[in-house]
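The sequence shown begins at 125 in my numbering and counts up by one. Note that the Cβ used here is the ideal one computed from N, Cα and C, for glycine as well. These numbers come from a predicted model, not from an experiment.
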Amino acid sequence: MEKVKEGKAELILSKNVFFNLQMEFCRDISSLAVGAYCEEVGRRIHLVDGLCASGVRGIRYMLEDECVARVEFVDMDEDACKLAERNAKLNKLKNYKVHCCHINDFLFHKRGFDWVEIDPFGTPLPYLQSALASFRKEGMLSVTATDTAVLCGAHSRACLKNYGAVPIDNEYCHEIGVRILASAIVRQASTLNLGVEFCLSMSAQHFFKLFARVKAGADEAVASMKKLGYISHCPKCLNREWRMNPPLLKEKCPRCGGKFEHAGPLFLGELWNVKFPRRMKEMNQQRNYGNRLRIDEMLGLMEEEAGMPPTYFDLHKVAEKVKKSPPNFKSFMNRLKKSGFKVSKTHFKRNSVRTNAGIDGVEENY
Ligand SMILES: C[S@@+](CC[C@H](N)C(=O)[O-])C[C@H]1O[C@@H](n2cnc3c(N)ncnc32)[C@H](O)[C@@H]1O
Ligand SMILES: [Zn+2]
125 MEKVKEGKAE LILSKNVFFN LQMEFCRDIS SLAVGAYCEE VGRRIHLVDG
175 LCASGVRGIR YMLEDECVAR VEFVDMDEDA CKLAERNAKL NKLKNYKVHC
225 CHINDFLFHK RGFDWVEIDP FGTPLPYLQS ALASFRKEGM LSVTATDTAV
275 LCGAHSRACL KNYGAVPIDN EYCHEIGVRI LASAIVRQAS TLNLGVEFCL
325 SMSAQHFFKL FARVKAGADE AVASMKKLGY ISHCPKCLNR EWRMNPPLLK
375 EKCPRCGGKF EHAGPLFLGE LWNVKFPRRM KEMNQQRNYG NRLRIDEMLG
425 LMEEEAGMPP TYFDLHKVAE KVKKSPPNFK SFMNRLKKSG FKVSKTHFKR
475 NSVRTNAGID GVEENY
């Protein structure tokens, strides 16, 4: 049996139990998020590592974040449960239990957790309702999705069937995908009288990761639902509009008369609470992660894009439309700033800018 070290954990691996080395970055980010969440709530927390496989997440969270008081490891595969137990012992965890059962059975029957980790193969949809129902008054839902091709519009029928939403396969499809996943969380939470605030949302490699803080209350639920809507994109001139719960969507782009493509329903509210990536970035300096620089860069980008409008402009795509070669990235950002517009980079895509300039402002400053 192979042994690896990741973060503060030492792990025995087995060929029968899932472990993806490349997800270390996602686990690093998640461990930092646990630390930031504990600070926000100001107490020790009770955590569920649902779909735990080797137990790597729960073990790392407990070793790296002192505020984790207890971990419940859940997996329905017997080999995974045995391995999680072995790894928990190897790392001298004290306050934990391994549960060999379906995650929904576990979460629907036990309540009162502060943090629920849902890290499935593919879509997290089958586990959202039980995870959301397992919080008492508030908590953090940490969700991974690897069905990014579906959410990004490569399989739009599957997206409609699974998520009840229409995607668009364009240059900002990853952001649309994240917003569709976010809207599925908001809608399911609302049926349980829970409102949602997204502390951090990320697209990287082949996965999406969302940290959704939920709070009980009909008013909170309604407020979150009001942030759902549609993005209309004109592939002819790159104009885009977004509207929350619109009575009717425009068929044609008012700028060029081209046919609008619509994505949604999706979440149009904030994907980041700026304090969250900022605090995680500070914590990252105290940790010895091999991915420290990459994490720092990623969180820095998110800090910038928090508070900015939905969608971004890919400068190569704009270049094709205006039939010019792309400008120097920094100078272009400065020109937009000088013209009085808000500008930021985005973690979703290199060579792309988030701005309130609209396509007109982008073209004028190109
Ligand atoms: C992607 S792996 C988890 C990876 C792990 N969290 C990590 O970071 O390495 C998904 C795990 O979920 C387990 N699983 C799948 N469906 C499940 C269900 N309905 N209830 C409980 N466990 C399930 C599988 O046995 C597998 O170990
Ligand atoms: Zn147009």
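Taking the CB atoms as reference points, tell me whether residue i and residue j lie closer together than 7 Å.
i, j, result
"Ser254", "Phe237", "no"
"Cys176", "Phe142", "no"
"Lys360", "Gly341", "no"
"Arg364", "Thr435", "yes"
"Leu423", "Met404", "yes"
"Leu275", "Ile304", "yes"
"Glu429", "Ser463", "no"
"Arg184", "Ser155", "yes"
"Lys500", "Phe391", "Nothing about residue 500 can be read from this structure; the chain reaches only from 125 to 490."
"Ala269", "Phe230", "no"
"Pro291", "Ser280", "yes"
"Leu256", "Leu217", "no"
"Ser327", "Val302", "yes"
"Ile136", "Lys129", "no"
"Arg401", "Met426", "Per the sequence shown, residue 401 should be read as Pro rather than Arg. It is a contact, given that the beta carbons lie within the stated cut-off."
"Ile242", "Pro248", "yes"
"Ser497", "Ala345", "Since the first residue shown for the chain is 125 and the last is 490, residue 497 is missing from the structure and cannot be characterised."
"Met264", "His226", "no"
"Asn489", "Arg459", "yes"
"Cys323", "Asn219", "no"
"Gly246", "Asp271", "yes"
"Val172", "Met186", "no"
"Met432", "Arg474", "no"
How close, in whole Å, do the beta carbons of residue i and residue j come, if the pair is a contact with beta carbons under 8 Å?
i, j, result
"Asn211", "Gly179", "5 Å"
"Pro389", "Tyr354", "6 Å"
"Lys92", "Glu190", "For residue 92 there is no data in the structure shown, the boundaries of the chain being 125 and 490."
"Leu252", "Ile309", "6 Å"
"Glu299", "Phe472", "5 Å"
"Ser348", "Val320", "5 Å"
"Leu362", "Lys441", "7 Å"
"Asp152", "Asn412", "With a Cβ gap of about 11 Å, Asp152 and Asn412 do not count as contacting."
"Ala208", "Val192", "Not really, about 15 Å apart at Cβ, beyond 8 Å."
"Asn215", "Glu134", "6 Å"
"Glu295", "Asp438", "4 Å"
"Val240", "Gly159", "The Cβ separation is near 17 Å, so there is no contact."
"Lys374", "Phe384", "6 Å"
According to DSSP, what are the bridge partners of residue i?
i, result
"Arg194", "His170"
"Lys127", "Ile136"
"Thr268", "Lys333"
"Val240", "Val172, Leu265"
"Gly388", "Val290"
"Met426", "Partner(s): none; Met426 has no beta bridge."
"Val338", "Gly263, Val320"
"Ser325", "Leu334"
"Lys376", "Lys383"
With DSSP collapsed to three states, give me the class of residue i.
i, result
"Phe465", "coil"
"Tyr354", "strand"
"Arg418", "helix"
"Cys79", "Lying outside 125 to 490, the shown extent of the chain, residue 79 is not represented and no answer is given."
"Leu318", "strand"
"Ala292", "Correcting the residue type first, residue 292 is Ile in the shown sequence and not Ala. DSSP places Ile292 in coil when its eight states are reduced to three."
"Cys297", "helix"
"His233", "helix"
"Gly159", "helix"
"Tyr220", "strand"
"Ala177", "coil"
"Arg411", "coil"
"Asp201", "coil"
"Ala313", "helix"
"Phe259", "strand"
"Phe149", "helix"
"Glu365", "strand"
"Val398", "coil"
"Lys383", "strand"
"Pro250", "helix"
"Val274", "helix"
"Lys360", "coil"
"Asn228", "helix"
"Gly182", "helix"
"Asp343", "helix"
"Val141", "coil"
"Asn215", "coil"
Sorry if obvious, but does the Cβ on residue i come closer than 6 Å to a heavy atom of ligand 3?
i, result
"His226", "This structure simply doesn't include ligand 3; it includes ligand 1 and ligand 2 instead."
- Please specify which runs of the alpha helix (DSSP H), each continuous and at least 4 residues long, are wholly inside the region 429-489, giving them in chain order. 439-446, 453-462, 482-488
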